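Numbering (my numbering), first residue to last: 1 to 511. Where is the CB? At the ideal position from N, CA and C, for every residue including glycine. Everything numeric in this text was worked out from a predicted model, so none of it was measured.
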Ligand SMILES: [Zn+2]
């Protein structure tokens with residue numbers, strides 16, 4: 001009872017930053033930090049008291065004590081970062097429960113099931129996650145490619161019949177009942193690339209009565225960009241649900257410089273009542289399968305390859321991340337490989353893909369391959385990042401070859417805040433926390449506020465930086481000092497603590 005009274009007292013006191021006079025004990029006190037509350041407001045100096053998994057007090061705790069006290073003097077204290085487009089929970093999630101790639105950059109919540117690919121059925125995954133918790137909180141979308149694959153199987157290079165769409169709807173409904181945030185699509189990938197607009201719209205409407213959302217790797221990030229944007233806006237309008245464009249980018253030379261036109265389109269849509277938002281990662285190069293370069297699936301067309309290498313990315317700007325056909329090519333650019341084999345880059349590109357198909361036929365399984373390709377402009381990245389409805393994501397994975405898996409969030413703070421001053425520190429933190437929670441519909445996370453879950457990160461605002469590069473994609477960031485998830489420290493002294501306090505985050509109505 002006394003504790004409850006004290007809590008109320010402190011809640012009121014917290015608002016006006018009066019000190020707690022009683023010598024109350026907390027589980028944890030973080031002292032003297034510069035508190036960035038996640039709302040985008042100016043930081044202020046203060047202490048934070050944590051009890052169990054919750055922020056119990058914010059203000060002056062000089063008269064209180066705790067079992068664990070942490071001095072954050074000179075450092076920033078922010079809500080733990082929320083990664084709204086993560087691939088960190090890969091197939092080896094339960095072997096690597098500490099998720100060091102994510103937590104070492106301050107991430108405390110990851111939203112998976114992206115690009116149309118999700119754990120299926122979601123209820124089974126959640127059961128497993130319930131039995132074997134991991135270091136971070138996890139929420140998930142239900143992936144269209146996964147649903148389509150389980151209904152259409154290998155016969156997917158066509159529109160689905162109404163009967164097949166109806167089957168997908170039932171599976172999606174089941175995932176929504178299990179707590180999925182909504183529907184995710186990856187329309188540049190198999191098998192989603194063969195779907196009609198109507199198939200996606202019908203499925204999107206399934207999530208409407210659940211207060212679900214739509215998140216999309218849109219149909220094209222280059223050649224058919226405007227049509228793809230049109231599709232996502234239409235879904236928001238017709239299905240009447242919030243829609244988010246995943247890892248927004250202008251990834252073709254002839255659409256560079258069009259960030260303003262794109263944002264004007266988004267703003268007009270928002271004005272008309274469509275809740276459209278975006279997330280972005282802070283790199284000018286992407287990472288995907290090599291086949292994504294050919295939206296018309298004409299992989300042997302050298303003319304098409306020529307166009308790609310002029311308009312989308314240059315031969316020296318495509319780097320093979322992995323290539324199981326010939327692992328020695330990993331880390332080399334297309335230009336280098338073409339030179340080695342004495343071929344034109346276009347010929348080489350076509351052959352690299354043909355060799356993947358041959359390899360897969362011979363080995364009877366999917367060939368590991370991925371490329372990193374530079375095809376965005378810095379000026380566009382900054383404009384898109386600054387849009388008030390864009391939050392930060394990593395699109396990264398724990399085992400990936402793109403440095404975003406280990407460095408996306410710290411790169412925003414080091415490069416785009418400290419070096420380039422494109423965002424203020426409080427704006428950047430808002431885009432990693434409060435805004436992200438709002439755009440995913442997550443309650444009680446994303447802010448430093450009494451009654452919120454104690455997901456927190458202490459970092460050095462001056463030295464924070466990403467260290468991961470293409471050559472060393474798994475190098476840990478600098479400046480991230482201590483990370484809490486649900487009141488437990490999961491990362492300190494550049495090491496994980498082998499605690500697994502992460503919770504399953506279900507769609508807001510079930511939170
Ligand atoms: Zn994607």
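Item	Value
Reference residue 330; option with closest CA among 320, 399, 289 and 482	320
Nearest neighbour of residue 354, chosen from 328, 324, 299 and 315 [CA to CA]	299
Heavy atom of ligand 1 within 8 Å of residue 115 beta-carbon	yes
9 Å Cβ cutoff met for residue 111 and residue 144	no
Beta-carbon gap between residue 483 and residue 502 smaller than 9 Å	no
Exposure label - residue 150; buried when at least 16 CB within 10 Å	exposed
Any non-hydrogen atom of ligand 1 closer than 8 Å to residue 190 Cβ	no
Close-in-space but distant-in-sequence residues of the same chain around residue 352 (CB under 7 Å, 5 per side omitted)	290
Three-state secondary structure (DSSP) of residue 252	coil
N-terminal and C-terminal residue of the alpha helix (DSSP H) that residue 350 is part of	345 to 363
From 156, 45 and 425, residue whose alpha carbon lies closest to that of residue 192	156
Bounding residues of the beta strand (DSSP E) (the contiguous stretch that carries residue 279)	276 to 280
CA-to-CA distance, residue 506 to residue 129, given in whole angstroms	12 Å
Span of the alpha helix (DSSP H), counted from its first residue to its last, around residue 262	259 to 271
Between the CA atoms of residue 206 and residue 199 - distance to the nearest angstrom	11 Å
Among 240, 302, 221 and 231, nearest to residue 258 - alpha-carbon criterion	221
CA-to-CA distance, residue 168 to residue 379, given in whole angstroms	40 Å
Residue 53 Cβ short of 8 Å to ligand 1 heavy atom set	no
Simplified DSSP assignment, three categories, for residue 373	strand
Anticipated Cβ contact below 8 Å, residue 54 with residue 454, distance rounded	6 Å
Rounded C-alpha distance that separates residue 366 from residue 358	11 Å
Neighbourhood of residue 210 by C-beta distance below 7 Å, restricted to the same chain and skipping five residues each side	176 and 507
Opening and closing residue of the alpha helix (DSSP H) in which residue 222 lies	That residue, residue 222, is in no alpha helix (DSSP H); it is neither H nor E in DSSP.
Residue 406 - containing beta strand (DSSP E), residue span	Residue 406 -> not in any beta strand (DSSP E); alpha helix (DSSP H) instead, spanning 404 to 411.
Cβ-based burial, residue 202 [other Cβ within 10 Å; buried from 16]	buried
Residue 402 beta carbon near ligand 1 (any heavy atom closer than 8 Å)	no
Closest residue to residue 322 among 276, 373, 278 and 468 (Cα-Cα distance)	373
Unbroken alpha helix (DSSP H) run spanning residue 427, endpoints	425 to 432
Residue burial classification, residue 272 (beta-carbon count within 10 angstroms, cutoff 16)	exposed
Own chain partners of residue 458 with C-beta closer than 6 Å, once the 5 adjacent residues on each side are dropped	72, 75, 77, 481 and 482
The stretch 459 to 477 / the stretch 53 to 70 touching (three or more Cβ pairs under 8 Å)	no
Chain-order list of residues whose beta-carbon lies under 6 Å from that of residue 444 (same chain, five-residue window excluded)	452 and 453
Residue 378 - containing alpha helix (DSSP H), residue span	378 to 386
Residue interval of the alpha helix (DSSP H) (run including residue 31)	Unbroken run through residue 31 is the beta strand (DSSP E), 25 to 35; no alpha helix (DSSP H).
Whether residue 334 touches residue 356 by CB criterion (9 Å)	no
Residue 253 Cβ short of 8 Å to ligand 1 heavy atom set	no
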